[in-house]
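> Those letters in the sequence shown? Residues 1 to 246, per our numbering, in order.
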Amino acid sequence: MTPAIEVEKLSCGYEERLILKNVSFSVRPQELMFIIGGSGCGKSTLLHCLIGLLEPHVGKIFYFGKNFMQASEEGRHAILKTFGVLYQNNALWSSMSVGENLSLALEQYTSLSREDREEVVALKLAQVGLPGVEDLYPRELSGGMKKRVALARALALDPKIVFFDEPSSGLDPLMSREIDELIREVRDTLGTTMVIISHQLSSIFGIADRIIMLDRETQGIIAKGDPRQLARESKDERVLRFLNNP
């Protein structure tokens with residue numbers, strides 16, 4: 001099976017300062033893959049490379065077999081349209097209603113009529129358990145509702161892959177668990193591949209199929225696999241310490 005994402009010998013950073021060196025991994029279609037590690041290990045840097053916000057120094061990234069780094073500008077744009085992204089701070093436009101926030105991508109990247117866009121918005125909000133909130137504004141939503149709206153927006157174009165940057169950030173444990181369950185439900189229902197940046201052990205053990213763990217000192221990956229198995233059997237003290245932290 002062709003991987004949804006395949007990263008080969010990727011090195012990246014900012015100007016001359018490398019954050020990650022020689023990173024290689026793959027993500028299977030419909031997999032819930034977590035990227036974990038301590039502060040400063042390069043999780044956000046890797047995410048920025050994956051979603052096209054940061055150009056790697058060297059390396060290759062493939063999406064369903066298509067070479068993203070060697071694609072033309074038009075080809076890259078076509079690949080980027082198959083992504084959805086849920087940012088850590090939700091990135092909702094405060095001056096726009098929920099419906100307008102979701103419609104923005106549909107206006108920019110599709111030729112749907114206004115009526116059709118409204119139908120898509122209603123469908124996506126229903127998928128995340130928030131029917132009928134189109135006319136509300138972000139300031140009128142709770143933290144958990146904002147996360148759900150941000151996820152609905154990420155799903156607006158029916159992406160093949162959704163990237164999450166700390167989806168449980170700022171949420172209490174109960175709401176964090178609800179968001180985890182929603183992410184898994186969306187994956188199971190829509191068959192979407194999910195890549196999640198997180199340090200929340202409850203989420204990692206709750207829904208992750210596999211993890212890759214980054215390390216600041218080595219500037220690379222020090223563990224790959226099922227987090228439950230790694231927590232029991234890893235020979236690396238750094239991995240055991242992180243995954244078994246009470």
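Beta carbons are placed, not taken as given, at the ideal position from N, Cα and C, and that holds for glycine.
Grab me the residues of Lys21's own chain with a C-beta within less than 6 Å of its C-beta, minus the 5 sequence neighbours each way, in chain order.
As a working note, residue 21 is residue 21 in the sequence shown. Ser11, Gln219 and Gly220, listed in sequence order.
> Exposed or buried, what is Gln70 when buried is set at 16 or more other beta-carbons lying within 10 Å of its beta-carbon?
By 1-based counting over the sequence shown, the position of residue 70 is 70. So Gln70 counts as exposed.
> Hey, out of Arg187, Val186, Glu166 and Glu233, whose CA is closest to Gln200's CA?
Numbered from its first residue, the sequence shown carries residue 200 at position 200. Gln200 has its Cα closest to that of Glu166, out of Arg187, Val186, Glu166 and Glu233.
> Just verifying my parser: in three-state terms, what is the DSSP assignment at Tyr109?
Reading the sequence shown from its first residue, position 109 is the one you call residue 109. In the structure shown, Tyr109 sits in a helix (DSSP, three-state: H, G or I).
> Would you kindly report the start and end of the unbroken beta strand (DSSP E) that includes Ala223?
Residue mapping note: residue 223 aligns to position 223 of the sequence shown, counting from 1. First-last of the beta strand (DSSP E) with Ala223: Gly220 to Gly225.
> Measure the C-alpha to C-alpha separation of Asn89 and Arg232 and round it to an integer number of angstroms.
As a working mapping, residue 89 is identified with position 89 in the sequence shown. As a working mapping, residue 232 is identified with position 232 in the sequence shown. Their Cα atoms are separated by approximately 33 Å.
> To which residues does DSSP link Asp158 through a beta bridge?
The residue you call residue 158 lines up with position 158 of the sequence shown. According to DSSP, which records beta bridges pairwise, Asp158 is partnered with nothing at all.
> So is Leu230 buried or exposed if we call it buried at 16+ other beta carbons inside 10 Å?
Here residue 230 refers to the residue found at position 230 of the sequence shown. Looking at its Cβ environment, which holds 16 or more other Cβ atoms inside 10 Å, Leu230 is buried.
> Out of curiosity, what's the CA-to-CA distance linking Lys9 and Gly143?
By 1-based counting over the sequence shown, the position of residue 9 is 9. By 1-based counting over the sequence shown, the position of residue 143 is 143. Whole-angstrom Cα-Cα distance: 38 Å.
> Please list, in chain order, all residues of the same chain as Ile207 whose beta carbon is under 8 Å from its beta carbon, the five residues on each side excluded.
For the purposes of this step, residue 207 is taken as residue 207 along the sequence shown, with counting starting at 1. Leu32, Asp180, Glu181, Ile183 and Arg184, listed in sequence order.
> Out of Val162, Ser198, Pro159 and Gly191, which has the shortest C-alpha to C-alpha gap to Ser176?
For the purposes of this step, residue 176 is identified with residue 176 of the sequence shown, where counting begins at 1. Closest by alpha carbon: Ser198.
> Measuring CA to CA, which of Ile79, Tyr14 and Ser26 is closest to Glu6?
By 1-based counting over the sequence shown, the position of residue 6 is 6. It is Ser26.
> Here's the rule: buried if 16 or more other CB atoms are within 10 angstroms of the residue's CB, otherwise exposed. What is Met145?
One-based indexing of the sequence shown puts residue 145 at position 145. With 16 or more other Cβ atoms within 10 Å, it is buried.
> Where DSSP assigns a beta bridge to Leu80, which residues make up the other side?
Locating residue 80 in the sequence shown gives position 80, where the first residue counts as 1. Answer is none; Leu80 lacks a bridge partner.
> With a 10 Å radius around its C-beta and 16 neighbouring C-beta atoms as the bar for buried, classify Ser39 as buried or exposed.
Within the sequence shown, the letter at position 39 stands for residue 39. Ser39 is exposed by the Cβ-count criterion.
> For Glu140, tell me which candidate among Phe68, Val98, Tyr63 and Phe242 has the shortest Cα-Cα distance.
Here residue 140 refers to the residue found at position 140 when the sequence shown is read from its first residue. The candidate whose alpha carbon is nearest that of Glu140 is Val98.
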